[in-house]
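> The structure under discussion is supplied below as structure tokens; questions concerning it will follow.
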Amino acid sequence: MSRNGFSVSDVTLVAQAQRGDQSAFGELASRHSARIYGVSFKMLRNREDAEDNLQNALFKAHRKINQFEGKSRFSTWLTRIAINEAMMMLRKRAAELAVPHISVDLMKCEPEVEIPISDSKADPERACIARELATKAFRQLKPSLSTTFILHKAEGWTHPELARTMGADTSAIKSRIFRARARLRQELALLTQAPSMGLQT
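In the numbering used here, the protein residues as written are 21 to 221.
Structure representation (structure tokens):
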């Protein structure tokens, strides 16, 4: 990519965009749109939703461009915005998509957590309570942990993919997943022991 025949770095384009140069932001958007669409599609698995998410991410990045401090690469910052926007879409589907997948994976990974609300017969009421418990536990996670956990467990992202996208090394990604799982285990244990749940009927 170049402007006026000269190659221009993201750093320069960001500085120009922060001074109000709309064409500079337009070039940033053009330069990174394919990557953001790819991330969005991998999370949302739907072309229309991925396109909407790309536009939402670019709109938010344009609106918040002056908040970018250059502590990471612009591409990393933009990708994080796209992931957050996609996460909001996924949360809207939570009852049907994200939460059941997460709760199932969690039970497989953490067999020592005994959830008294599950039985061999698919009781719709108990299944609904299980989803509610998983949702409540999940909401206690920090955004960095919840995002990493959902992308890894529910969306199938590998540790290297997460590391590249989030600007971290694989050991940090593994640590986030471990901490997210441990926190979810703790929260689920507390919730299922709460007498107010009224499970003994």
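Just so it is clear, CB atoms sit at the ideal spot from N, CA and C, and this is done for glycine as well.
Let me confirm a value: E105 is counted as buried when at least 16 other C-beta atoms fall within 10 Å, else exposed. Which label applies?
As a first step, residue 105 must be located in the sequence shown, where it is residue number 85. With 16 or more other Cβ atoms within 10 Å, it is buried.
> Nearest CA to the CA of F88: which residue from I197, A54, T32, Y57?
To locate residue 88, count along the sequence shown from 1; it is residue 68. Among I197, A54, T32, Y57, the Cα nearest to that of F88 is on T32.
> What is the rounded straight-line gap between the Cα of T185 and the Cα of M109?
Translated into positions along the sequence shown, residue 185 becomes position 165. Translated into positions along the sequence shown, residue 109 becomes position 89. Each residue's Cα considered, the two are about 19 Å apart.
> Following the continuous alpha helix (DSSP H) through I193, name the residue where it begins and the one where it ends.
Taking the first residue of the sequence shown as 1, we reach residue 193 at position 173. Segment 190-213, the alpha helix (DSSP H) holding I193.
> Could you work out which residue in N86, I101, R205 is closest to N35 when comparing CA atoms only?
By 1-based counting over the sequence shown, the position of residue 35 is 15. Residue 35 is actually Ala in this sequence, not Asn. Ranking N86, I101, R205 by Cα distance to A35 puts N86 first.
> Taking DSSP as the reference, what is the three-state secondary structure of K91?
Within the sequence shown, residue 91 is the residue found at index 71, counting from 1. Three-state result, K91: coil.
> For a test of the three-state rule: what should DSSP assign to S53, helix, strand or coil?
Position 33 of the sequence shown, counted from the first residue, corresponds to residue 53. Helix, per DSSP.
> In three-state terms, what does DSSP make of K80?
For this step, residue 80 is matched to residue 60 along the sequence shown. K80 falls in the helix class under three-state DSSP.
> Identify whether Q160 lies in helix, strand or coil by the three-state DSSP scheme.
Along the sequence shown, one-based indexing puts residue 160 at 140. Residue state, collapsed to three classes: coil.
> Roughly how many angstroms lie between the CA atoms of H121 and A54, to the nearest whole one?
Position 101 of the sequence shown, counted from the first residue, corresponds to residue 121. Position 34 of the sequence shown, counted from the first residue, corresponds to residue 54. With a pLDDT of 47 at H121, under the threshold of 50, the predicted position of this residue should be treated as unreliable, though the coordinate-derived value follows. Spanning the two alpha carbons is a distance of roughly 28 Å.
> Label T178 either buried or exposed according to how many other C-beta atoms from any shown protein chain fall within 10 Å of its C-beta, with 16 as the threshold for buried.
Taking the first residue of the sequence shown as 1, we reach residue 178 at position 158. Classification of T178: exposed, given that the 10 Å Cβ count is below 16.
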